[in-house]
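> Once you've had a glance at the structure underneath, I'll fire off some questions.
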Amino acid sequence: MEFRHTDVVKTVGLRNAKAESGRRQGARAVVVSAPAGEGHTREAVVKLLLEEGPITATAIGERLGLSPAGVRRHLEALIESGEAWATRSAKWQQQGRGRPAKQYQLTSTGRGRLGHAYDDLAGAAMRQLREIGGDQAITDFARKRVGAIVAGVDRLDRHTPAETEAKAEELADAFSEAGFAASTRKVGAGVQICQHHCPVSHVAEEFPELCAAELEAFREILGTHVQRLATIANGDCACTTHVPLMPVQPTQSNTAETPVAQPATTSTDDSGRSAE
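Numbering-wise, the sequence shown is residues -1 to 274 according to this note's numbering.
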């Protein structure tokens, strides 16, 4: 979940003491316009939990202009997904009589899904690495990174359609565990490994060695010529790699070196491509 581009509007100032009873004086006030759409409203709720939590459902509703029922629906969904949790307000925070109101805040899981400035930091570190060690240092780093992802995936022993497809699924599982939301699908005489998310896409735009190392690992583990059809770093909606279900037989026109597949420059609505 990222909040780099939302309809959230933030203002800074002193809070009203009555409206903000139980909160420290001088804290920042966050005023959020209620954006259209469930997803954007949920993002606004999460942002308030991040910057203002612990915070009551009533306070969230006042800032977003939502009904208490609407706010609680979003909060319950966040609690169910493990992204938020609720506690009772302390006695000194209570206004009037009755049971103390619940206060909500993000869990470590919820914080972990927020956007960070890691892209800028990673890009700066990679540029420094290239300056110190040259292009080979970037290549070595990219290979070690992918090697850690596929460390538990053995090389394919038998090149049968069933075992090749199973190994492709095993690779997809390994990349999913690393945050790539990968899956496989049968297309013609091959199978495609589709990575629907790329945690390093912004860095990979500047350092294509990251994508090249992935492709190299696929080829080594599958023991066949695989072709990258699309990449998120190239502007496509998914990274799509075609794997033939039977090993490619060399022909007279083939050379000893396998040509490196280039990312496709056009995309379709689903994963990007199908092998033809």
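All residues carry an ideal CB built from backbone N, CA and C; glycine is no exception.
For phenylalanine 178, which option in Val185, Ala55, Ala170 has the closest C-alpha, if you only look at C-alpha atoms?
Ala170
> Should lysine 184 go down as buried or exposed, given a rule of 16 or more other Cβ atoms within 10 Å for buried?
exposed
> From alanine 236 to methionine 124, what distance separates their C-alpha atoms?
24 Å
> By the 10 Å Cβ neighbour count, where 16 or more other Cβ atoms means buried, how is glycine 80 classified, buried or exposed?
exposed
> Among Thr105, Arg128, Thr162, which has the Cα closest to the Cα of leucine 47?
Closest in alpha carbon position to leucine 47, among Thr105, Arg128, Thr162, is Thr105.
> For the alpha helix (DSSP H) containing arginine 111, name the first residue and the last one.
Looking at the DSSP string, arginine 111 is not in any alpha helix (DSSP H), and its letter there is neither H nor E.
> Checking contacts by CB at 8 Å: is glycine 150 closer than that to chain D?
Looking at the structure shown, chain D is missing, and only one protein chain is on hand.
> Start and end of the beta strand (DSSP E) containing arginine 183?
180 to 185 is the extent of the beta strand (DSSP E) around arginine 183.
> Straight-line CA distance for histidine 195 to alanine 99?
39 Å
> In chain order, which continuous runs of the beta strand (DSSP E) of length 3 or greater are located wholly inside the segment 167 to 230?
180 to 185, 188 to 193, 225 to 228
> Where does the unbroken beta strand (DSSP E) through arginine 156 begin, and where does it stop?
That residue, arginine 156, is in no beta strand (DSSP E); it is neither H nor E in DSSP.
> Under DSSP, the alpha helix (DSSP H) around threonine 275 begins and ends at which residues?
Nothing in the structure corresponds to residue 275, since the chain is present only between -1 and 274.
> Look at the Cβ atom of glutamine 126, then the Cβ atom of threonine 54, and state whether they are nearer than 8 Å.
no
> Can you tell me which of the three DSSP states glycine 37 falls into?
helix
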